[in-house]
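J.: Dropping a structure here in structure tokens format, bear with me for questions.
Chains as they are written, first to last, in our numbering: chain A, 20 to 136; chain B, 6 to 113.
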């Protein structure tokens, strides 16, 4: 099966500009995650969708970050305006929904590397 | 989610077993132990998971202590391609928190 697709792979912008990332999860995966990974650190969950509803966005900086998952498939993550500290790799992951047990393995895309100058 | 503690880095000789420890002393009864790894410039890759019993698949073995407060990931015959950052995560349904992981370097 095809993996999680993300685009673009790289993006360079200046601070205060806006940027958007796109993710297409594995077909049939109801749960979609966006992570931010700063160099040298583990991924940090930004937002989790179950179909097109938000399950957890407690660590999403809502003053500048937004995400949507229309129709419960593709998702976009937007940053507006970008700050220098937003330089990171943005990872998208998806998993099947397995009700009642914590066996939902996450499959990750290759990520988008954002550099804010 | 329970907090995990892993060594920052480890070395292993090619062809030897790599044993990566993880401490999760605050794990609760319904939390699974997951292991992922991240090779440079790629997204994390699932390796294995378990609840109470030891588990084995084509990639690795997972040994969980009887009190579930720690676990060890075993790569039986490490190759140069196993050089990566290895993350141990404990979580209940849906939520997972990645720490900073262990950087495993496999040397010829």
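Beta carbons are placed, not taken as given, at the ideal position from N, Cα and C, and that holds for glycine.
None of the values given here were measured: they were computed from a predicted structure.
According to the Cβ coordinates, are residue 11 of chain B and residue 93 of chain B closer than 7 Å?
T.: Yes, the pair counts as a contact, with Cβ atoms nearer than the cut-off.
J.: If I measure Cβ to Cβ from residue 92 of chain A and keep anything under 6 Å in the same chain, skipping five residues before and after, which residues do I get?
T.: For residue 92 of chain A, where only same-chain residues beyond five positions count, there are no Cβ hits under 6 Å.
J.: Any idea which residues DSSP pairs residue 26 of chain B with across the strands?
T.: DSSP output for residue 26 of chain B lists B/77 as bridge partner(s).
J.: Restricting to Cα atoms, I'd like to know which of A/33, A/112, A/77, A/27 is closest to residue 136 of chain A.
T.: Checking every option, the nearest Cα to that of residue 136 of chain A belongs to A/33.
J.: What does residue 40 of chain A reach in chain B if we use C-beta pairs closer than 9 Å?
T.: Per Cβ cutoff of 9 Å: no residues; residue 40 of chain A is ~13 Å from chain B at best.
J.: What does a CB cutoff of less than 8 Å around residue 57 of chain B pick up in its chain, not counting 5 residues either side in sequence?
T.: The residues are 69, 73.
J.: Would you say residue 105 of chain B reaches chain A, if we count a Cβ-Cβ gap shorter than 7 Å as a contact?
T.: So yes, residue 105 of chain B belongs to the interface.
J.: Roughly how many angstroms separate the alpha carbons of residue 15 of chain B and residue 55 of chain B, rounded to a whole number?
T.: Whole-angstrom Cα-Cα distance: 23 Å.
J.: Closer than 7 Å, CB to CB, is residue 91 of chain B near chain A or not?
T.: No, no contact with chain A.
J.: Which one of A/83, A/65, A/46 has the shortest CA to CA distance from residue 55 of chain A?
T.: Of A/83, A/65, A/46, the residue nearest in Cα terms is A/65.
J.: I need the straight-line Cα distance from residue 30 of chain B to residue 60 of chain B, nearest angstrom please.
T.: So the two alpha carbons sit approximately 20 Å from each other.
J.: How about residue 121 of chain A: is its C-beta nearer than 7 Å to some C-beta of chain B?
T.: Only weak support is given to the placement of residue 121 of chain A: the predicted model assigns it a pLDDT of 47, under 50, and the value that follows is read from those uncertain coordinates. Yes, its Cβ sits closer than 7 Å to a Cβ of chain B.
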